[in-house]
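Numbering (full-length UniProt numbering), first residue to last: 1 to 551. Note that the Cβ used here is the ideal one computed from N, Cα and C, for glycine as well. These figures come from a predicted structure and were not determined experimentally.
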């Protein structure tokens with residue numbers, strides 16, 4: 001009887017002695033991550049504090065905790081938020097980091113041993129980095145808003161077009177303190193009114209400025225959405241594969257689940273509602289609460305432009321399945337294929353009539369793409385319809401945490417949506433600049449996708465819109481085995497070798513998501529028409545040499 005009574009105490013004493021001993025061992029093991037040392041020693045210290053009369057004194061506990069404090073970093077990779085640690089964004093990953101190193105070597109004169117003399121960043125839709133010129137009217141208005149003293153110069157209209165001067169004055173009159181002051185959290189009221197009027201004109205349906213948030217690019221919309229929508233890991237979002245990695249990254253950051261649906265490459269990256277249904281049913285059977293569906297139109301990285309019939313089918317599917325629809329429409333001005341046109345999901349929803357009056361939709365746009373390419377301005381908007389005021393207030397709260405989006409970006413978004421009109425002084429130049437850029441992008445899209453599709457071991461759908469080609473690679477078994485041996489996906493290995501051989505920076509398809517067993521890469525067609533020929537030549541030579549080497 002006495003033995004049974006004393007057994008728990010003896011067990012605790014032995015456990016304590018083990019913890020104290022192992023914690024000391026851990027402390028002396030230089031290969032053990034510091035936070036794990038802290039974890040083990042903290043357990044021992046806590047146990048010692050509770051059972052100090054058995055095997056440990058308060059003095060030893062104090063020495064242990066002092067040792068931990070002295071040797072353990074306040075922050076290291078093992079004790080940060082695991083969601084932040086695990087989130088991935090392929091567009092700026094290992095390949096880009098190596099490209100920056102090459103570029104630095106070339107700039108400093110240390111790159112003479114490289115087989116190329118420049119790095120070409122085809123990994124990201126960053127038009128002005130690759131030589132695209134900004135729209136004159138936009139920059140004129142922005143310059144006047146940034147330095148309003150010029151407006152007081154009596155010769156200002158000799159320096160700037162009269163409509164640019166008038167626009168800058170109107171905007172500044174609506175922004176107390178100018179571009180260096182905070183605005184309302186949703187954005188400057190006048191600018192939201194201009195964006196709303198443009199949406200109304202585009203879609204033929206009313207748009208309220210109260211439904212609009214002016215944002216620092218399209219990305220904040222995704223963050224607001226995921227922060228608000230995701231309650232825990234059981235909440236999921238139906239996301240296209242391939243997808244822009246912003247969606248997979250934010251789902252990871254906010255502890256949600258990615259529910260993939262695959263675009264049909266053999267059908268021009270089209271969507272199949274029956275497949276969508278299968279994906280949702282499978283996720284729900286596994287315990288995931290599917291909350292929303294993301295559609296990127298025109299597509300990134302795939303470049304398809306949806307037909308209105310497909311868009312209607314998506315809206316009807318979301319209504320049937322009780323899903324919020326998230327429409328990423330940042331490439332709406334980038335449509336090149338004859339017979340294709342951009343139609344917003346807002347228009348599709350409103351055209352369906354009163355039955356869809358309360359359909360939940362979040363749409364986003366940006367100044368980073370199109371023919372303007374103002375990526376560094378960090379500007380965009382989100383329009384929120386069919387969502388109750390209480391949830392909109394949460395979005396407002398999240399926007400308020402950042403106080404407001406940048407004012408110059410807000411102005412740029414209004415300029416994109418409300419450009420010069422016929423009869424105004426800047427209209428002809430604006431139209432010429434727009435058509436020159438879009439015409440050139442169309443030619444480059446056709447040239448690049450055709451060249452890639454002609455290569456042995458490559459197939460590439462035409463780019464109907466957006467800024468990218470997404471070719472499929474049929475790589476030799478020997479090459480895939482080599483990639484596996486070094487712990488890389490085959491398309492990652494391919495893109496890294498391409499960088500090493502040519503200086504052309506691309507993104508592996510595995511970073512966007514793809515049908516298992518397939519391999520792709522994404523490249524922009526943003527280099528100038530002269531430079532795109534060099535890019536094509538370099539990729540062609542590299543690819544043919546690789547296929548010959550590994551066949």
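Using a Cβ-Cβ cutoff of less than 7 angstroms, which residues in the same chain neighbour residue i once the five nearest sequence positions on both sides are dropped?
i, result
"residue 538", "502 and 504"
"residue 151", "144, 165, 168 and 169"
"residue 414", "191, 194 and 195"
"residue 412", "138, 142, 367, 374, 377 and 379"
"residue 220", "none"
Is it the case that the Cβ atoms of residue i and residue j are separated by a distance below 8 angstroms?
i, j, result
"residue 452", "residue 446", "no"
"residue 244", "residue 296", "yes"
"residue 525", "residue 532", "yes"
"residue 347", "residue 204", "yes"
"residue 123", "residue 507", "yes"
"residue 323", "residue 364", "no"
"residue 136", "residue 424", "no"
"residue 232", "residue 211", "no"
"residue 465", "residue 247", "no"
"residue 207", "residue 383", "yes"
"residue 468", "residue 242", "no"
"residue 236", "residue 181", "no"
"residue 352", "residue 291", "no"
"residue 111", "residue 405", "no"
Can you give me the C-alpha to C-alpha distance between residue i and residue j, rounded to a whole angstrom?
i, j, result
"residue 129", "residue 163", "28 angstroms"
"residue 401", "residue 93", "29 angstroms"
"residue 21", "residue 76", "Confidence at residue 21 is low in this model, with a pLDDT of 49, below 50, so its placement is unreliable and no value can be given for it."
"residue 540", "residue 513", "25 angstroms"
"residue 215", "residue 549", "49 angstroms"
"residue 270", "residue 306", "8 angstroms"
"residue 359", "residue 316", "10 angstroms"
"residue 234", "residue 262", "21 angstroms"
"residue 551", "residue 528", "34 angstroms"
"residue 329", "residue 431", "22 angstroms"
"residue 223", "residue 252", "11 angstroms"
"residue 350", "residue 333", "21 angstroms"
"residue 53", "residue 80", "Interpretation of residue 53 is limited by its pLDDT of 45, a score under 50 that renders its predicted location unreliable; no figure is taken from the coordinates."
"residue 177", "residue 156", "21 angstroms"
"residue 33", "residue 483", "Note that residue 33 has pLDDT 47, beneath the 50 cutoff, so the model's placement of it is unreliable and the number below is only indicative. About 29 angstroms."
Can you find the residues in the same chain that come closer than 8 angstroms, C-beta to C-beta, to residue i, ignoring five residues on each side of it along the sequence?
i, result
"residue 228", "391, 394, 395 and 398"
"residue 209", "189, 192, 193, 195 and 196"
"residue 546", "479, 494 and 497"
"residue 486", "493"
"residue 319", "356 and 359"
"residue 544", "455 and 456"
For the beta strand (DSSP E) that residue i lies in, which residues bound it at each end?
i, result
"residue 190", "From DSSP, residue 190 is part of no beta strand (DSSP E) but of the alpha helix (DSSP H) over 189-203."
"residue 214", "212-215"
Between which two residues does the alpha helix (DSSP H) holding residue i run?
i, result
"residue 222", "219-229"
"residue 175", "From DSSP, residue 175 is part of no alpha helix (DSSP H); its letter is neither H nor E."
"residue 136", "136-146"
"residue 95", "94-107"
"residue 114", "Element bounds for residue 114: n/a, residue is neither H nor E."
"residue 156", "156-159"
"residue 348", "345-351"
Report all residues from its chain with a CB closer than 6 angstroms to the CB of residue i; omit the five preceding and five following residues, and keep chain order.
i, result
"residue 132", "373"
"residue 375", "126 and 368"
"residue 258", "239, 248 and 251"
Q: Identify every run of the beta strand (DSSP E) within the stretch 241-328, keeping only runs that are complete inside it and at least 3 residues long; order them along the chain.
A: 257-262, 289-296 and 324-328
Q | Runs of alpha helix (DSSP H) wholly within the stretch 357-422 (minimum 4 residues, chain order) | A | 389-401 and 407-417
Q: Identify every run of the beta strand (DSSP E) within the stretch 509-541, keeping only runs that are complete inside it and at least 3 residues long; order them along the chain.
A: 519-524
Q) Residue ranges of each alpha helix (DSSP H) run of no fewer than 4 residues wholly in the stretch 437-492, ordered along the chain? A) 477-485
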